[in-house]
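To keep things clear, I will list the structure first and then write my remarks on it.
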Amino acid sequence: MTNITSGNSTSGASATGFSLTGIATRLPRYTPLFLLAIAWEVTTRGGLVPIAALPALDTVAVAWWDLAVGGDLWRNGVASMTRAASGLGLAVICGSLIGILMAWYKPVRIAANPIVQFFYPMPKSALIPVMVLWLGFGDASKIVLIFVGCLLPITLSAFNGARGTDEVLIWSARSMGASRARVLWEVVLPSALPELMSGIRTALALSFVLLVSSELVVAREGFGYMIGWLGDGGAYDAMFAVVLTVALLGFAADRLYLMLMRRVLAWRE
Amino acid sequence: MSDPAHIVIERVSHEYRPARGRPVLALDNVSLSVQDREFLALLGPSGCGKSTLLYLVGGFLPVEQGRILVDERPIAGPGPDRGIVFQHFALFPWKTVIQNVLYGLEKQDLAREERLRRARQFIELVGLAGFEDSYPSQLSGGMKQRAAIARTLAIDPRVLLMDEPFGALDAQTRSLMQAELLGIWQRSRKTVIFVTHDVHEAVFLAERIAVMSARPGRIKEIVETHFDKDDPDLTRTREFVETVDHVWNLVRAEAIQAQRSGAA
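Just so you know, the sequences run in chain order A and B. Using my numbering, count along the first sequence one by one with no gaps and you end on 345. Using my numbering, count along the second sequence one by one with no gaps and you end on 527.
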């Protein structure tokens, strides 16, 4: 890869930076979210909604603090995030590879396409019992479920992105002395990247869905497991604390990914 | 001329076979030779197969009937001995100008400093100094085409294949680029095959013009021009105007025929 560091850097690193002022200027956008939180507090404290069904936000906050200090939140969070990251990471590697090879080699396309198309619309949560049967109650069943669920959207986005590669770019690279294998790495992969990265973003959201639902059904640790037993035990304030934690983590992961995506694809602007 | 021609095209035919529908004969029994360091224009109405012929010489399409020799050897795929400039630039959008120019140089056995030096030299040659770190999306059409030309010239190909390289540019940029290309060719003296449907451009740039017929493409006539390219009033001389007229008449007949067969 080329790496030119000399000269003036005109590419927009500042536009996508992590600066505090950047975050501060974006905060007003989330005003509706703050209003929703206030509405929650007012309706529960004012007795409009029974506390048994929806605990007040401040009691949820206290419950969150207890879980955080007690270490429960951390321990289960690490277990969950490790599962999600492993499943998603594997899916990114395998899906990108399969999708690009499908676009590049006809035999791979002929072999893989019907399988991908058949399994793509299938709800992956239907596989939870199968995974438990095959892989037991531990990490493996969750990781494989997330992997399988994320694999197809990533494969399809890599495939579509790679198929859209401008033939003239391939010819250009070949005429400058690039081998066919080099072209795959140096032309087809970067051409596929915008679509591939949007596919990974979809998969990122999906990985949270699959994570929590599989942990809810059967697990011994993790966010889903916590939500399950806290709910069963009637500790609704703590349960909501965990639900909100998962929501916040999902949101943060998406925002961080979006920042990364903007940076990697800065050449498009 | 006793030297063997640089590029020899012998009885080449080419058929496109679309997945659905009938096969289309794009080129029919085309023979043509291009001398070393010659500037040849391939001129014809759209759809006459002139780009197809260029892609065959470039090695992007397989030669299925007839043969094409470069330096007396049949071509086997694309290679850095034949550089190409496309109508829509074909710059890598994810690379900056200098990264684009370095791409071909990295495939060659050159030291890093030498690669950088050559890249900068050619970027300067096409007048893009100061835009080394710009991405193609930040450049105008004319600047993109300059970058594409720099990228191709930097690998120092013996043959320069140009596929309507100025077709996407506005008239003013186009005429500036034509003059620049002529200057570059006079300094570096590469063998050039230049595809265009613009009669004036062909007469202005080329030493020989191969006028092609409407589909299926054949060579209809070869027009030789031997103008003094350094004459600033060249385009106003009688000889130039008459040559343009003559070539126009050849192309007009073909264009009308192409339109009729297209409508039928």
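Positions of the beta carbon are idealized from the N, C-alpha and C atoms, including for glycine.
For residue j and residue i, believed in contact at Cβ under 8 Å, the rounded distance
i, j, result
"A:Leu286", "A:Ile222", "5 Å"
"B:Leu538", "B:Thr315", "The structure shown does not extend to residue 538 of chain B, since chain B is modelled only from 264 through 527, so no value can be given for it."
"B:Phe429", "B:Met440", "5 Å"
"B:Ser294", "B:Ala268", "11 Å between Cβ atoms; not a contact."
"A:Pro131", "A:Thr119", "Rounded, the Cβ-Cβ distance is 12 Å, inconsistent with contact."
"B:Val510", "B:Ala465", "7 Å"
"B:Val348", "B:Asp426", "7 Å"
"A:Ala281", "A:Ala234", "With 8 Å as the limit, A:Ala281 and A:Ala234 do not qualify as a contact, their Cβ atoms being about 18 Å apart."
"A:Phe213", "A:Arg296", "6 Å"
"B:Arg336", "B:Glu273", "That belief does not hold up - the Cβ atoms of B:Arg336 and B:Glu273 are roughly 13 Å apart, past 8 Å."
7 Å Cβ cutoff met for residue i and residue j
i, j, result
"A:Ala167", "A:Leu227", "yes"
"B:Phe302", "B:Glu470", "yes"
"A:Ser290", "A:Ile204", "yes"
"B:Ala477", "B:Pro308", "yes"
"B:Arg452", "B:Asp344", "no"
"A:Gly171", "A:Ile230", "yes"
"B:Leu391", "B:Arg409", "yes"
"B:Val507", "B:His460", "no"
"B:Leu423", "B:Val455", "yes"
"B:Ile412", "B:Ala304", "no"
"B:Pro341", "A:Ser251", "yes"
"A:Leu343", "B:Pro495", "A quick correction: the sequence has Trp, not Leu, at residue 343 of chain A. Against a cut-off of 7 Å, the Cβ pair of B:Pro495 and A:Trp343 comes out as no contact."
"B:Gln328", "B:Ser276", "yes"
"A:Tyr333", "A:Arg277", "yes"
Chain B within 7 Å of residue i, Cβ atoms only
i, result
"A:Ser255", "no"
"A:Ala248", "Going by the sequence as given, residue 248 of chain A is Ser instead of Ala. Yes, its Cβ sits closer than 7 Å to a Cβ of chain B."
"A:Gly83", "Residue placement at A:Gly83 is flagged as unreliable, the pLDDT there being 38, under the threshold of 50; the coordinate-derived value follows with that caveat. Output row for A:Gly83: interface = yes."
"A:Pro270", "no"
"A:Ser233", "no"
"A:Ala329", "no"
"A:Pro183", "no"
"A:Trp343", "yes"
"A:Thr92", "With a pLDDT of only 46 at A:Thr92, under 50, the local geometry of the prediction cannot be trusted, and no value is derived from it."
"A:Met337", "no"
"A:Gly88", "Any reading at A:Gly88 must be qualified, since the residue scores a pLDDT of 40, below 50, and its modelled position is unreliable; no value is offered."
"A:Val244", "yes"
"A:Met252", "yes"
"A:Ser266", "Reading off the sequence, residue 266 of chain A comes out as Pro, not Ser. Yes, contact with chain B."
Which residues DSSP lists as bridging residue i, in chain order
i, result
"B:Leu423", "B:Gly346, B:Val455"
"B:Leu306", "B:Thr459, B:Val474"
"B:Gly480", "B:Leu290"
"A:Tyr301", "DSSP lists no partner for A:Tyr301."
"B:Ser296", "B:Val271"
"B:Gln328", "B:Ser276"
"B:Val333", "B:Ile270, B:Arg336"
"B:Glu487", "B:Arg471"
Within-7 Å CB hit, residue i to chain A
i, result
"B:Ile338", "no"
"B:Phe349", "yes"
"B:Gly430", "no"
"B:Phe323", "yes"
"B:Pro356", "yes"
"B:Ile456", "no"
"B:Gly367", "yes"
"B:Arg413", "Position check: residue 413 of chain B holds Ala in this sequence, whereas Arg was assumed. Answer no: the Cβ-Cβ gap between B:Ala413 and chain A never drops below 7 Å."
"B:Ile270", "no"
"B:Lys370", "yes"
"B:Gln353", "Gln is not the amino acid found at residue 353 of chain B; the sequence shown has Ala there. Yes, B:Ala353 lies at the interface with chain A (some Cβ there is under 7 Å from its Cβ)."
"B:Ile519", "no"
"B:Ile418", "yes"
"B:Pro281", "no"
"B:Pro495", "no"
"B:Ala526", "Because the pLDDT at B:Ala526 is just 47, under 50, the model does not fix this residue reliably, and the point stays unresolved."
"B:Pro343", "yes"
Residue i CB to nearest heavy atom of the ligand ATP below 6 Å
i, result
"A:Pro229", "Judged by which ligands are present, the structure shown has none, so any question about the ligand ATP falls away."
Q | Members of the stretch 389-406 of chain B near chain C, C-beta cut-off 7 Å | A | The structure shown contains no chain C; its protein chains are A and B.
(Q) Contact between the stretch 438-446 of chain B and the stretch 472-489 of chain B is defined here as three or more beta-carbon pairs at a separation below 8 Å; is this criterion met? (A) no
Q: May I ask you to verify whether the stretch 324-331 of chain A touches the stretch 161-180 of chain A, counting CB pairs closer than 8 Å and requiring at least 3?
A: no
Q: Specify whether the stretch 235-254 of chain A and the stretch 348-356 of chain B touch according to this definition: at least 3 beta carbon pairs, one from each stretch, less than 8 Å apart.
A: Yes, the stretch 235-254 of chain A is in contact with the stretch 348-356 of chain B.
Q) Are the stretch 412-419 of chain B and the stretch 366-374 of chain B touching by the rule of at least three beta carbon pairs closer than 8 Å? A) yes
Q: Taking 8 Å as the threshold, find out whether the stretch 260-269 of chain A comes into contact with the stretch 303-323 of chain A through three or more Cβ pairs.
A: no
Q. Okay, do the stretch 291-302 of chain A and the stretch 145-161 of chain A touch, 3+ Cβ pairs below 8 Å being the bar?
A. yes
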